[in-house]
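In my numbering, the protein residues as written are 254 to 436.
Every residue, glycine too, gets a C-beta built ideally from N, C-alpha and C.
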């Protein structure tokens, strides 16, 4: 039976191993003393009164244009119904004219719908960018007041309810909104 060779232990391997052990110990010590909070930013953004007010403002701003688009869609539906109903009895030139009108209106509606969606998204982004500093400031202020060392946001693999600060930050944002509006 052949003798097995034992791998040689090099001196620098011991230093590397010692460094890894020290790093792990330091990491565990930090983890034990660090105060960590978790915030669900999606829930915060979806429920922050500042963002909800901005959404209502946007809806009011775009409502007249949406109603005009709906009116055009209703007009298109009426013309299409007339085409289906009367195409057999209309002269060919009138039927062709009606089909061109339908196609032109359909394209116009699609352009308007696309333009409205783009403008709504752009305005929504503007409003979000205006509100984001307030949301971020509320998270930071809460973290400082509660002496948190680290605040992480979604997505995380797991966060216990014990470190979830979302409701507390949301309550702070609600107080700030009430103070700002004098409610």
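Asked                                                                                                                                                                                            : Found
Please give the ranges of any beta strand (DSSP E) in the stretch 388–436, keeping only runs that are unbroken, at least 3 residues long and fully inside the region.                            : 403–406
Identify, in the order they occur along the chain, each residue of the same chain with its Cβ nearer than 7 Å to the Cβ of residue 421, setting aside the five sequence neighbours on each side. : 395
Just how far apart, CA to CA, sit residue 369 and residue 378?                                                                                                                                   : 14 Å
Which parts of the stretch 292–333 are runs of the alpha helix (DSSP H), unbroken and 4 residues or longer, counting only runs that do not cross its ends?                                       : 294–300
Between residue 288 and the rest of its own chain, which residues show a CB-CB distance below 8 Å, the 5 nearest in sequence each way excluded?                                                  : 399, 400, 401, 402 and 403
I'd like to know whether the C-beta atoms of residue 326 and residue 362 end up nearer to each other than 8 Å.                                                                                   : yes
How about residue 418 and residue 290: do their beta carbons lie closer than 8 Å?                                                                                                                : yes
Sorted by chain position, which residues of the same chain lie with C-beta nearer than 6 Å to residue 351's C-beta, five sequence neighbours on each side aside?                                 : 336
Quick one: residues in its chain with C-beta nearer than 8 Å to the C-beta of residue 310, no 5 flanking neighbours on either side, listed in chain order?                                       : 380
Applying the criterion that 16 or more other CB atoms from any shown protein chain within 10 Å of the CB defines a buried residue, is residue 301 buried or exposed?                             : buried
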